[in-house]
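Scroll down for the structure; my scribbles are underneath it.
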Amino acid sequence: MEVKGKGALAILLHALIIIFFSYFLRTEKKAPIEEDIQHFNQARIELTTVNLESLSRAIIEWMAESGREAPESLKEWQRARSYGLSLTDGWGHEIKYERVSDSTFSLCSAGPDGLFETEDDIIKEY
Numbered sequence: 031m032e033v034k035g036k037g038a039l040a041i042l043l044h045a046l047i048i049i050f051f052s053y054f055l056r057t058e059k060k061a062p063i064e065e066d067i068q069h070f071n072q073a074r075i076e077l078t079t080v081n082l083e084s085l086s087r088a089i090i091e092w093m094a095e096s097g098r099e100a101p102e103s104l105k106e107w108q109r110a111r112s113y114g115l116s117l118t119d120g121w122g123h124e125i126k127y128e129r130v131s132d133s134t135f136s137l138c139s140a141g142p143d144g145l146f147e148t149e150d151d152i153i154k155e156y
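Using my numbering, read the sequence shown as starting at 31 and increasing by one per residue.
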């Protein structure tokens with residue numbers, strides 16, 4: 031009877047090893063948590079893009095209504111008119127504003143890594 035118990039235990043152990051390798055070490059598909067993280071980051075990218083578009087529309091509208099040039103900074107624009115828009119990206123980092131010329135500007139999010147001037151930055155020029 032003891033031999034049968036050891037055999038069943040060995041079969042169960044082999045089954046657990048096979049399940050472990052097939053679930054966690056599969057290369058063709060990511061684990062569910064990895065997919066969730068990827069979807070969450072994609073949602074943050076989309077949120078940031080929408081936020082940059084909203085900010086740009088508000089700044090352009092302010093420029094048209096006031097007859098003024100592009101503001102020197104977001105703080106200058108915010109003092110002139112409060113829209114209640116977020117000045118942070120989907121990761122909670124401050125959005126970088128740069129005045130390019132009298133009538134153009136750019137808005138930049140540092141992206142997922144939180145560092146400016148890296149390839150994952152989200153940059154919009156207006």
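Cβ coordinates follow ideal geometry from the N, Cα and C atoms, glycine included.
Check residue 82 in the structure and name its three-state DSSP category. The residue given as residue 82 occupies position 52 in the sequence shown. The answer is helix: DSSP assigns residue 82 an H, G or I state.
Tell me whether residue 137 is buried or exposed, calling it buried when 16 or more other Cβ atoms sit within 10 Å of its Cβ. Walking along the sequence shown from the start, residue 137 turns up at place 107. It is buried - the Cβ of residue 137 has at least 16 other Cβ atoms within 10 Å.
Do residue 144 and residue 78 have their C-beta atoms closer together than 7 Å? Locating residue 144 in the sequence shown gives position 114, counting from the first residue. Locating residue 78 in the sequence shown gives position 48, counting from the first residue. No.
On a Cα-Cα basis, can you pick out the residue from 156, 122 and 49 that is closest to residue 132? Taking the sequence shown and counting its residues from 1, one reaches residue 132 at position 102. Residue 132 has its Cα closest to that of 156, out of 156, 122 and 49.
Is the beta carbon of residue 115 less than 7 Å from the beta carbon of residue 82? For the purposes of this step, residue 115 is taken as the residue at position 85 of the sequence shown. For the purposes of this step, residue 82 is taken as the residue at position 52 of the sequence shown. Cβ atoms of residue 115 and residue 82: not closer than 7 Å.
Only counting the same chain, and skipping five residues up and downstream in sequence, which positions put a Cβ closer than 7 Å to that of residue 146? Here residue 146 refers to the residue found at position 116 when the sequence shown is read from its first residue. Taken in chain order, the residues that qualify are 126, 138 and 140.
For residue 65, the three-state DSSP class (helix, strand or coil): Residue 65 sits at position 35 when you count from the first residue of the sequence shown. Correct three-state label for residue 65: helix.
Where the beta strand (DSSP E) through residue 145 begins and ends: For the purposes of this step, residue 145 is identified with residue 115 of the sequence shown, where counting begins at 1. Where residue 145 is concerned, there is no enclosing beta strand (DSSP E), given that its DSSP letter is neither H nor E.
Considering only the alpha carbon of each residue, which of 153, 149, 51 and 142 lies closest to residue 68? Taking the first residue of the sequence shown as 1, we reach residue 68 at position 38. Among 153, 149, 51 and 142, the Cα nearest to that of residue 68 is on 142.
In chain order, what residues of the same chain have a beta carbon less than 6 Å from the beta carbon of residue 48, not counting five sequence neighbours either side? Position 18 of the sequence shown holds residue 48. So the list is empty, once near-sequence residues are dropped.
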